[in-house]
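As they're listed, the protein sequences go chains A and B. Numbering-wise, our numbering puts 122 at position 121 of the first sequence, and it's gapless, one number per residue. Numbering-wise, our numbering puts 93 at position 92 of the second sequence, and it's gapless, one number per residue. Beta carbons are placed, not taken as given, at the ideal position from N, Cα and C, and that holds for glycine. Treat the numbers as computed from the prediction; the structure is a model and nothing was measured. For reference, the structure discussed in these notes is given below.
2 protein chains.
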Amino acid sequence: MILKIDFNSDEAFYLQLCNQIILGIATEAICEGDVLPSVRALADQIGINMHTVNKAYSMLRQEGFVKLDRRRGAVIALDIDKLQAIQEMRQNLSVVLARGICRNVSRNEAHQLVDEIYDLFSKGSGRRPE
Amino acid sequence: MILKIDFNSDEAFYLQLCNQIILGIATEAICEGDVLPSVRALADQIGINMHTVNKAYSMLRQEGFVKLDRRRGAVIALDIDKLQAIQEMRQNLSVVLARGICRNVSRNEAHQLVDEIYDLFSKGSGRRPE
DNA sequence: GCACCTGTTATACGGATTATATAACAACAG
DNA sequence: CTGTTGTTATATAATCCGTATAACAGGTGC
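Next up, the structure:
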């Protein structure tokens, strides 16, 4: 999996990393048990500081996406709290959909976007058949 | 429409204001032509600084939700660029849905959330006459 | 003209966050 | 013992957030 930083983005580097890795898990580009590069290796690879990568990894651990092991490094390990996940989605979707509704984005168009993204993410192998 | 600040939130005040106002437009609690409180009045009302409110209004103007008039103040005026709106939604939905997918939130559950929010916005707490 | 209200701009300050840098530490593998 | 892992501790510069005071330009009502 290729991780990159958009140095012109106004999004913090460590957040860019978090989102890319979470997207990677969702698209199964990386999956449970896989190991992420070490903080130093990834920092060198993408040209940022070690601590910035470490901050991303720590956040991923806190949110339950990876477990950090001194022996192996950062291992993908999902701690699934579906109820909490849905609650967070409800909050975030409200903000995203509200912006769309203000711009006359219809309910059907929102559904189409959801399908589009689910299709895009589940291309390849079918761990999740729905 | 009631605007409030969660002083314990980690979300910036001006972003809280932006999101609440956009939600207000989406739910039609406020609609095109309505006037928002002046930056000074709203700042006094919710107990924050004038410039913080001004920052929120400026961002709403830049994103095309209001127009600022020296005579009347901040007026809701939607500048609808649907294509751009959908493109932004695609980007934001990807991040939100990815987190859900990692937690085994199914496609149907995502659709249910979209419906739930659309229902809440269109039926829930419509326009309140002054 | 005058008082009063708009948004707007400028400047300044304290605090928090972001990213960097250097350094050291504990735990494990070979 | 050497090298790797994550982790922690400082320190620094830059940026952002929120506040504060002040002034300005444009419009309203008297």
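For the segment 18 to 38 of chain A against the segment 101 to 110 of chain B, are there 3 or more C-beta pairs whose distance is under 8 angstroms? yes
Taking the runs of the beta strand (DSSP E) that are 3 residues or longer, which of them lie wholly in the segment 48 to 86 of chain B? 67 to 70 and 74 to 77
Reduced DSSP category for residue 97 (chain A) - H, G, I as helix; E, B as strand; rest coil: Taking the first residue of the first sequence as 1, we reach residue 97 (chain A) at position 96. Of the three classes helix, strand and coil, the one that applies to residue 97 (chain A) here is helix, per DSSP.
Tell me, which residues are paired with residue 37 (chain A) by DSSP? Within the first sequence, residue 37 (chain A) is the residue found at index 36, counting from 1. Its beta-bridge partners are A:75.
Taking only beta carbons into account, state which residues of the segment 27 to 42 of chain A come closer than 9 angstroms to chain B, listed in chain order. 27 and 28
Cα-Cα separation between residue 42 (chain B) and residue 113 (chain A), rounded to whole angstroms: Sequence index remark: in the second sequence, residue 42 (chain B) carries index 41 (1-based). Sequence index remark: in the first sequence, residue 113 (chain A) carries index 112 (1-based). Those two C-alpha atoms are separated by around 42 angstroms.
Inter-residue CB distance, residue 84 (chain A) and residue 65 (chain A) (contact presumed, cutoff 8 angstroms): What you label residue 84 (chain A) is simply residue 83 of the first sequence in a count that begins at 1. What you label residue 65 (chain A) is simply residue 64 of the first sequence in a count that begins at 1. Wrong, their Cβ atoms sit about 13 angstroms apart, outside the cutoff.
For residue 75 (chain A), which residues in the same chain have their Cβ closer than 6 angstroms to its Cβ, ignoring the five residues on either side in sequence? Along the first sequence, one-based indexing puts residue 75 (chain A) at 74. Counting only Cβ-Cβ distances below 6 angstroms, and skipping sequence neighbours, we find 37, 58, 67 and 69.
Quick one, are the C-beta atoms of residue 1 (chain A) and residue 111 (chain B) less than 8 angstroms apart? No information on residue 1 (chain A) is available, as it lies outside the stretch 2 to 131 that chain A covers here.
For the segment 92 to 111 of chain B, which residues have a beta carbon sitting closer than 8 angstroms to at least one beta carbon of chain A? 93, 94, 95, 96, 97, 98, 99, 100, 101, 102, 103, 104, 105, 106, 107, 108, 109, 110 and 111
First through last residue of the alpha helix (DSSP H) which encompasses residue 115 (chain A): In the first sequence, residue 115 (chain A) corresponds to position 114, counting from 1. From DSSP, the alpha helix (DSSP H) with residue 115 (chain A) extends over 108 to 122.
How would you label residue 17 (chain B), buried or exposed, when you count the other beta carbons within 10 angstroms and need 16 or more for buried? Walking along the second sequence from the start, residue 17 (chain B) turns up at place 16. Burial call: buried.
Strictly below 9 angstroms CB to CB, what residues from chain B border residue 82 (chain A)? By 1-based counting over the first sequence, the position of residue 82 (chain A) is 81. Going along chain B in sequence order, the residues near residue 82 (chain A) (Cβ under 9 angstroms) are 104.
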